[in-house]
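Undergrad:
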Amino acid sequence: MKKNLFYTLLALYVIIAVTLSLIYHLNFKFLIAFAGLFAFLIWNKDIILKKENTPTQPSADHFPNFTLTDEEHEAYAENNYPLTKEDEKQGYIELAKLCTLPKTQEQLVPFIENLRDYSEDEYHYTTLNYVMDYLDKSKIHFITALDWKEEIESLEWFLTTILQDTYNTTLPLPKASSYDKRASVSYDNVFQDFDTVLNKKGLQMGFIDTESDEYVLFVHKTIDEEAVKDAVHKIGYRYFNASAI
Numbered sequence: 377m378k379k380n381l382f383y384t385l386l387a388l389y390v391i392i393a394v395t396l397s398l399i400y401h402l403n404f405k406f407l408i409a410f411a412g413l414f415a416f417l418i419w420n421k422d423i424i425l426k427k428e429n430t431p432t433q434p435s436a437d438h439f440p441n442f443t444l445t446d447e448e449h450e451a452y453a454e455n456n457y458p459l460t461k462e463d464e465k466q467g468y469i470e471l472a473k474l475c476t477l478p479k480t481q482e483q484l485v486p487f488i489e490n491l492r493d494y495s496e497d498e499y500h501y502t503t504l505n506y507v508m509d510y511l512d513k514s515k516i517h518f519i520t521a522l523d524w525k526e527e528i529e530s531l532e533w534f535l536t537t538i539l540q541d542t543y544n545t546t547l548p549l550p551k552a553s554s555y556d557k558r559a560s561v562s563y564d565n566v567f568q569d570f571d572t573v574l575n576k577k578g579l580q581m582g583f584i585d586t587e588s589d590e591y592v593l594f595v596h597k598t599i600d601e602e603a604v605k606d607a608v609h610k611i612g613y614r615y616f617n618a619s620a621i
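The numbering of the sequence shown is my numbering, which starts it at 377 and goes up by one.
1. Let's test the definition: count the other Cβ atoms within 10 Å of the Cβ of F439 and tell me whether it reaches 16, buried, or not, exposed.
2. Are I611 and Y468 closer than 8 Å when you measure CB to CB?
3. Whole angstroms is fine: what's the gap from K513's alpha carbon to E447's?
4. Could you pull the DSSP bridge partners for N617 from this structure?
5. Count the other C-beta atoms from every protein chain shown that fall within 10 angstroms of the C-beta of H609, then say buried if there are 16 or more, exposed otherwise.
6. In three-state DSSP terms, what is H438?
7. In the DSSP assignment, the alpha helix (DSSP H) including H500 goes from what residue to what residue?
8. Can you tell me whether DSSP reads N429 as helix, strand or coil?
9. Candidates Y506, L484, F616, A521: which alpha carbon is nearest Q568's?
10. Specify the secondary structure class of L539 as computed by DSSP and reduced to three states.
11. In whole angstroms, give me the CA-to-CA distance for E498 and L504.
12. Looking at the unbroken beta strand (DSSP E) that takes in T520, where does it start and where does it end?
13. According to the Cβ coordinates, are V566 and P548 closer than 8 Å?
Here it is as structure tokens:
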């Protein structure tokens with residue numbers, strides 16, 4: 377509407393200017409001034425119209441933001457995100473049953489059955505990230521993510537905790553002090569060294585390939601590798617073991 381009014385007034389300006397020049401025989405300076413003002417109006421039309429055609433930023437009500445509390449974010453997801461696909465839910469449930477104790481499954485299965493799709497979430501980015509965040513807040517030692525620069529002590533602590541909580545055992549895992557002072561989990565053979573010890577108890581680390589610079593891992597029985605691989609595939613990722621690193 378504003379755009380149409382602008383061009384109507386511009387046309388009226390031209391008509392008036394031409395009419396005045398014919399009636400009063402205005403000189404060349406008038407025509408130069410008229411042309412200059414006309415060019416100025418055309419050049420600055422976006423400013424005059426306040427960029428009418430520029431899309432407006434959606435209101436904050438249309439997406440979650442970082443000022444929301446955890447409870448508010450959960451409520452937003454509940455009302456706006458679809459449930460995850462049944463196959464994906466089944467993958468998480470199968471993985472939980474293969475890698476956690478029955479008492480842990482009692483907590484995890486209801487959570488997974490009501491799991492929302494967080495792939496469009498601006499905080500978690502993926503449903504897997506949301507699941508790991510839930511596990512961390514609930515102090516459930518199941519799946520974790522280690523940055524490639526993470527200290528070896530973090531891997532040692534995670535595996536020690538898993539062995540105690542889930543498998544009721546302890547193992548002489550490698551010590552960070554036996555590696556170079558600057559070594560991280562991505563240092564040569566670190567995962568393989570830890571996995572070799574796990575193998576003695578029929579266990580191994582499994583990895584979820586998120587195609588990022590972090591290692592997403594868990595522990596499972598060696599005899600369950602194919603079933604675990606199938607479960608990871610259902611949640612939308614590729615599985616690999618320590619020998620592939």
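By construction, the Cβ of each residue, glycine as well, lies at the ideal position given by its N, Cα and C atoms.
TA: Taking the coordinates as given:
1. By 1-based counting over the sequence shown, the position of residue 439 is 63. Note that F439 scores 48 on pLDDT, short of 50, meaning its location in the model is unreliable and no value can be drawn from it.
2. Against the sequence shown, residue 611 aligns to sequence position 235. Against the sequence shown, residue 468 aligns to sequence position 92. Yes. Within cutoff.
3. For this step, residue 513 is matched to residue 137 along the sequence shown. For this step, residue 447 is matched to residue 71 along the sequence shown. Roughly 13 Å between the two C-alpha positions.
4. Counting from 1 along the sequence shown, the entry for residue 617 is found at position 241. According to DSSP, which records beta bridges pairwise, N617 is partnered with G582.
5. The sequence position of residue 609 within the sequence shown is 233, counting from 1. H609 should be labelled exposed.
6. Looking up residue 438 in the sequence shown gives position 62. Note that H438 scores 39 on pLDDT, short of 50, meaning its location in the model is unreliable; the coordinates nonetheless yield the value given after this. If DSSP states are grouped into helix, strand and coil, H438 belongs with the helices.
7. Counted from its first residue, the sequence shown places residue 500 at position 124. Neither: H500 is in no alpha helix (DSSP H) and is coded neither H nor E.
8. Sequence index remark: in the sequence shown, residue 429 carries index 53 (1-based). In this prediction, N429 has a pLDDT of 40, which is less than 50 and means its spatial position is unreliable; nothing more can be read from the coordinates.
9. The residue labelled residue 568 in the question sits at position 192 within the sequence shown. A check of alpha carbon separations from Q568 across Y506, L484, F616, A521 identifies F616 as the nearest.
10. Along the sequence shown, one-based indexing puts residue 539 at 163. The answer is helix: DSSP assigns L539 an H, G or I state.
11. The sequence position of residue 498 within the sequence shown is 122, counting from 1. The sequence position of residue 504 within the sequence shown is 128, counting from 1. In a straight line, the C-alpha of E498 is about 14 Å away from that of L504.
12. One-based indexing of the sequence shown puts residue 520 at position 144. Per DSSP, T520 belongs to the beta strand (DSSP E) from 520-523.
13. On the sequence shown, residue 566 is found 190 positions in, with the first residue counted as 1. On the sequence shown, residue 548 is found 172 positions in, with the first residue counted as 1. P548 is positioned such that its CB atom lies no closer than 8 Å to that of V566.
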